[in-house]
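Single-structure report; data block below.
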Amino acid sequence: AAWFTFASIIVAIMGKMSENVFVNTYLDGAKDLLSVALIIAVARGITVVMQATHMDFWILDRSSALLRGVPGFVFAPMSYIIYLVLSFLVPSTSGLAGFSIPVTGGLANTLGFSASVMVSIFSAGCGLINLFTPTSGVVMGGLGAAKVELKTYMKWGLKLFIAIGIANIIVLSIAMMIV
39 AAWFTFASII
49 VAIMGKMSEN
59 VFVNTYLDGA
69 KDLLSVALII
79 AVARGITVVM
89 QATHMDFWIL
99 DRSSALLRGV
109 PGFVFAPMSY
119 IIYLVLSFLV
129 PSTSGLAGFS
139 IPVTGGLANT
149 LGFSASVMVS
159 IFSAGCGLIN
169 LFTPTSGVVM
179 GGLGAAKVEL
189 KTYMKWGLKL
199 FIAIGIANII
209 VLSIAMMIV
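Per our numbering, the very first residue in the sequence shown carries number 39; after that it's consecutive.
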């Protein structure tokens, strides 16, 4: 953030911007990032509270008890579906990672599965949801620039999204069994 601010000031000086123009331009750019920063901060806060209260261990213990003995080809799709839901509810990929990976990675390790594959499950779940979620600035911005309605885009891409989801489940299930 400090480097961004410093570079912005240098660019403003080189561009001979007035103070008012610089401040307004700077704030316009920062407002888009503010919501992401707040989501990441809240997600980090949740992680800190979970660690301080040992709730993360409780979640791991309960989840481990429920999933103990479940084979990898069942564990992977269940985790993927959980990440699909979480990715839709938490639009910040970094915020979701900060909140969930410590828990799900630990859960995978506790159950004897690969935490690396769990990170891939997270990436695949977020990746699929980020192709069509209305909370994604990239999707909505791209659709707006192309003058395509979300409904039209969803109708066009539904079969593709389902195919990607099925392919993800197959690949991740195989990965969970062999890694």
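Beta carbons are placed, not taken as given, at the ideal position from N, Cα and C, and that holds for glycine.
Where residue i falls: helix, strand or coil (DSSP)
i, result
"Asn62", "helix"
"Met55", "coil"
"Leu149", "coil"
"Pro115", "helix"
"Gly107", "coil"
"Val186", "coil"
"Pro140", "helix"
"Phe170", "coil"
"Ser130", "coil"
"Thr85", "helix"
"Val123", "helix"
"Val157", "helix"
"Val217", "coil"
"Thr91", "coil"
Through-space distance from residue j to residue i, alpha-carbon basis
i, j, result
"Phe218", "Met52", "As displayed, the chain neither begins before 39 nor continues past 217, which places residue 218 out of reach and without an answer."
"Leu72", "Gly107", "43 Å"
"Phe44", "Ile202", "42 Å"
"Val61", "Leu76", "21 Å"
"Leu124", "Ala68", "26 Å"
"Met215", "Ile120", "19 Å"
"Asp66", "Gly180", "20 Å"
"Ala40", "Gly165", "30 Å"
"Leu12", "Ala50", "Since the first residue of the chain shown is 39 and the last is 217, residue 12 is not available in this structure."
"Ile47", "Ala79", "26 Å"
"Phe199", "Pro172", "15 Å"
8 Å contact criterion, which residue i and residue j should meet: CB distance rounded
i, j, result
"Ala126", "Ile84", "Checking the sequence, you will find Phe at residue 126 rather than Ala. Incorrect: roughly 18 Å between the Cβ atoms, too far for contact."
"Leu122", "Gly182", "Contact doesn't hold; Cβ gap of about 25 Å is too wide."
"Ser158", "Ala213", "7 Å"
"Phe95", "Ser211", "Going by Cβ atoms, the distance from Phe95 to Ser211 rounds to 27 Å, so no, they are not a contact pair."
"Ser174", "Pro129", "7 Å"
"Val217", "Ser154", "7 Å"
"Phe170", "Val177", "6 Å"
The ligand FAD heavy atom lying under 7 Å from the CB of residue i
i, result
"His92", "Among the components of this structure there are no ligands whatsoever, and the ligand FAD is therefore not found."
ask   = Three or more C-beta pairs closer than 8 Å, one from the segment 202 to 211 and one from the segment 103 to 118: is that the case here?
value = A contact is defined here as three or more CB-CB pairs under 8 Å, and the segment 202 to 211 meets this definition with respect to the segment 103 to 118.
ask   = Is the segment 142 to 153 touching the segment 186 to 194, taking contact as three or more C-beta pairs under 8 Å?
value = no
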